[in-house]
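Residue numbers (our numbering), protein chains in the order written: chain S, 28 to 177; chain Z, 21 to 675.
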């Protein structure tokens with residue numbers, strides 16, 4: 028169903044202190060990873076709202092990553108716990124409205140984990156490639172909230 | 021907002037070799053809001069910054085995007101330049117096309133496309149940026165130093181010398197740390213205690229230093245310039261004000277247990293001063309081993325104390341202090357005994373580690389400076405030293421080099437030769453790493469003048485045969501198997517972070533590496549700062565290092581604190597939350613989500629003073645700008661400056 032030469036588009040909301048710095052480290056040590064990811068820097072993973080994720084899907088993202096500091100290591104203390112709780116719930120909502128929850132990833136990458144960041148992106152790109160392009164009108168899950176065609 | 025200027029940096033070939041800069045310029049100039057685009061080899065250079073400044077003034081730019089390296093690297097540089105050109109610095113954003121594009125992708129076409137997309141997102145964001153004013157907060161000119169080893173002592177003394185009131189926190193009963201345990205120090209063989217104890221006394225006598233021994237950090241709140249720390253004073257059961265330090269109590273105490281200070285080779289009492297030169301010279305009762313606390317009998321110390329200083333009712337005490345900066349100097353521990361099973365460490369009495377050997381060498385140590393086998397108290401004839409016992413061994417979880425073992429093993433072999441003439445000292449090593457002033461010469465002296473035998477190779481196994489230890493190893497230079505009958509084996513065990521280093525890091529909000537060493541803000545250029553403003557690092561808590569390096573870093577950390585304290589006020593980034601008071605309904609969900617307790621309540625009253633409503637108010641000096649409240653607010657009444665919904669959605673909108 029995917030067009031030829033299609034490459035997924037992945038939006039990553041990453042916290043300034045851990046994952047953004049981890050992504051920088053991946054660059055500093057010249058690792059290489061799939062270019063399909065675009066990073067949006069936020070102060071904390073707890074700053075990301077479900078609306079942003081929905082908007083990203085609306086604007087053509089095939090998957091969204093939210094990544095911050097490891098549990099216990101949040102620069103602000105507890106922001107990543109808020110994100111974890113929020114998006115655990117939100118994934119259930121995604122299923123309900125008919126978006127495959129596997130299109131939303133949560134991961135913890137610290138400032139020293141450049142390698143983990145690169146691997147994460149590669150893995151994510153591969154899995155999203157097999158999920159295919161996100162197209163809401165012909166989705167995906169058989170959630171009870173799946174919209175009918177109009 | 022029209023009038024955005026975009027400045028694309030080549031970063032020499034760092035960006036330009038994978039990103040087609042000219043094509044980027046061409047594409048970006050087509051964007052609606054962009055009125056000026058240019059590129060330059062090094063935007064961060066002074067001519068590069070001048071290009072930005074001139075364009076801001078000549079083209080009347082209302083926003084700037086610099087497409088270059090990570091904003092963590094140069095955002096400040098460019099914001100400063102914008103400010104100098106008369107543009108509010110917060111109307112500048114960076115697009116990270118180096119670390120997150122040119123350095124990680126190799127296909128030029130794809131990297132160029134991605135760079136264009138990243139710039140497009142930054143341009144979209146900057147159109148929604150608002151001019152912001154920096155926040156000024158006062159600085160408390162007091163410092164907290166955590167850890168009373170040589171690192172903490174040096175930092176505290178430097179700060180005190182500059183007149184800064186300093187709290188020195190130490191969790192054991194005395195300051196001194198590992199350095200107090202050492203006998204002589206490489207490469208000069210000066211006596212460790214002789215050079216350390218005068219510093220310890222200076223700490224005790226300095227009017228600017230408040231010493232908190234037998235105390236731990238309980239909690240840290242606040243931010244740079246304004247930390248509020250809670251310190252737990254563990255109950256000593258000895259009144260510090262009454263005690264004269266006569267030591268009668270520890271003479272008479274009937275309980276004997278292995279002494280931590282002597283690494284378990286010597287004994288101490290249940291009420292004890294860890295070593296004779298301890299500062300402060302005040303004993304503590306070890307509740308776990310004291311007969312009174314265990315069985316409700318004894319109270320001998322109370323009976324003999326001429327000052328009436330013993331107080332079994334003493335409780336842990338919590339005190340709160342306000343400080344402007346924190347230096348973390350919590351030191352290291354050695355690899356635990358159970359990790360090296362094949363060497364019998366922990367099973368064979370005569371397999372010991374470097375610190376245990378150090379205590380044996382010390383004239384004030386448990387053996388009064390004689391090298392004796394722990395098993396039978398006899399002087400050894402053959403001593404084997406094994407380097408890298410744990411270090412440089414990924415299988416043991418320590419792939420790094422502990423940095424000091426080559427040197428102290430050479431020193432051990434030398435001191436052993438001095439103490440026991442005729443003894444054979446055999447050192448197994450992987451490589452000799454003797455980088456340091458006078459270090460290589462020192463190792464050569466051990467080898468050539470003092471006659472220690474250095475064998476390049478690893479030891480595979482140690483087992484007991486009679487009262488000897490059989491050391492099986494290999495000499496990789498001759499390619500032969502070796503078997504040595506040793507009387508004593510000394511392991512240069514790996515230096516590891518303190519067991520609770522991660523917990524402390526989490527209390528302080530600083531980061532740590534995969535092993536638990538605290539991470540510096542930049543591995544080369546900011547080696548004493550942490551990612552948290554106002555928290556600095558000194559000593560082995562950051563990475564293994566020798567005494568001169570520790571002292572240098574400790575003084576470096578102190579000078580960073582002094583630089584911070586040279587300001588009356590600190591300028592903070594205005595990346596904070598603001599409440600829309602008109603629409604706030606006063607549900608205060610934000611109050612609960614705020615990790616910094618920055619949200620207070622504000623009453624809104626009409627002209628005649630009647631209460632209309634209560635709304636949330638963000639304290640600008642306290643807010644850390646995490647944005648948790650923004651997401652929590654149901655009405656969307658809170659805006660996080662710098663990362664507002666408008667800005668972030670603008671980025672998403674142009675995907």
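Each residue gets a CB set at the ideal place from its N, CA and C atoms; glycine is no exception.
For residue i, collect the residues of the same chain with a Cβ closer than 6 Å to its Cβ; drop the 5 residues on either side in sequence, then sort them by chain order.
| i | result |
| --- | --- |
| residue 207(Z) | 458, 459 and 462 |
| residue 307(Z) | 313 |
| residue 473(Z) | 446 |
| residue 288(Z) | 279 |
| residue 479(Z) | 406, 448, 491 and 493 |
| residue 83(S) | 38 and 91 |
| residue 353(Z) | 516 and 518 |
Are the CB atoms of residue i and residue j nearer to each other than 9 Å?
| i | j | result |
| --- | --- | --- |
| residue 642(Z) | residue 74(S) | no |
| residue 75(Z) | residue 25(Z) | yes |
| residue 653(Z) | residue 610(Z) | yes |
| residue 356(Z) | residue 372(Z) | no |
| residue 578(Z) | residue 178(Z) | yes |
| residue 41(Z) | residue 85(Z) | no |
| residue 539(Z) | residue 573(Z) | no |
| residue 27(Z) | residue 59(Z) | yes |
| residue 620(Z) | residue 637(Z) | yes |
| residue 111(Z) | residue 102(Z) | yes |
| residue 6(Z) | residue 29(Z) | There is no way to answer for residue 6(Z), as the model of chain Z reaches only from 21 to 675. |
| residue 70(S) | residue 43(S) | yes |
| residue 239(Z) | residue 250(Z) | yes |
| residue 193(Z) | residue 304(Z) | yes |
| residue 72(S) | residue 145(S) | no |
| residue 349(Z) | residue 87(Z) | no |
| residue 96(S) | residue 139(S) | no |
| residue 87(S) | residue 522(Z) | no |
| residue 80(S) | residue 114(S) | yes |
| residue 293(Z) | residue 328(Z) | no |
CB-CB under 7 Å to residue i, same chain, minus the five flanking residues each way: which ones, in chain order?
| i | result |
| --- | --- |
| residue 623(Z) | 631 and 634 |
| residue 549(Z) | 540, 541, 556 and 580 |
| residue 273(Z) | 289, 290, 291, 320 and 321 |
| residue 229(Z) | 176, 180, 186, 188 and 223 |
Checking the sheet assignment: what are the DSSP bridge partners for residue i?
| i | result |
| --- | --- |
| residue 29(Z) | 60(Z) |
| residue 166(Z) | 189(Z) and 348(Z) |
| residue 39(S) | 66(S) and 92(S) |
| residue 413(Z) | 418(Z) |
| residue 450(Z) | Beta-bridge pairing links residue 450(Z) to no other residue. |
| residue 365(Z) | 368(Z) |
| residue 211(Z) | 204(Z) |
| residue 634(Z) | 623(Z) |
| residue 241(Z) | 248(Z) |
| residue 156(Z) | 591(Z) |
| residue 482(Z) | 491(Z) |
Compare the C-beta of residue i with all C-beta atoms of chain A and state if any pair is closer than 9 Å.
| i | result |
| --- | --- |
| residue 163(S) | Among the protein chains of the structure shown, namely S and Z, there is no chain A. |
Is the stretch 509–518 of chain Z touching the stretch 420–431 of chain Z, taking contact as three or more C-beta pairs under 8 Å?
-> yes
At what residue ranges does the stretch 79–126 of chain Z contain a whole run of the alpha helix (DSSP H), taking only runs of 4 or more?
-> 91–104
Which ranges does the beta strand (DSSP E) cover as unbroken runs of at least 3 residues, wholly within the stretch 574–616 of chain Z, from first to last along the chain?
-> 589–592 and 597–599
Are there three or more Cβ pairs, one per stretch, closer than 8 Å when the stretch 575–589 of chain Z is compared with the stretch 164–179 of chain Z?
-> yes
Inter-stretch contact at 8 Å, needing at least 3 Cβ pairs: the stretch 292–302 of chain Z / the stretch 216–229 of chain Z = yes
Enumerate, from N- to C-terminal direction, the unbroken alpha helix (DSSP H) stretches of 4 or more residues contained entirely within the stretch 244–305 of chain Z.
-> 268–272
Is there contact here, the stretch 147–163 of chain Z with the stretch 241–251 of chain Z, by at least three beta-carbon pairs under 8 Å?
-> yes
Is there contact here, the stretch 518–525 of chain Z with the stretch 374–391 of chain Z, by at least three beta-carbon pairs under 8 Å?
-> no
Segments assigned alpha helix (DSSP H), at least 4 residues, entirely inside the stretch 495–573 of chain Z | 521–528
How do the stretch 499–509 of chain Z and the stretch 212–222 of chain Z stand: do at least 3 beta-carbon pairs fall below 8 Å, yes or no?
-> no
Is it true that the stretch 384–392 of chain Z meets the stretch 522–530 of chain Z, where meeting means three or more beta-carbon pairs spaced less than 8 Å apart?
-> no
Report yes or no: do three or more beta-carbon pairs, one from the stretch 49–57 of chain Z and one from the stretch 113–120 of chain Z, lie closer than 8 Å?
-> no
Contact the stretch 121–138 of chain Z vs the stretch 180–195 of chain Z: 3+ CB pairs below 8 Å | no
Entirely enclosed alpha helix (DSSP H) segments - the stretch 85–137 of chain S, minimum 4 residues = 106–124
Counting pairs of beta carbons, one from the stretch 659–667 of chain Z and one from the stretch 585–602 of chain Z, are three or more of them closer than 8 Å?
-> yes
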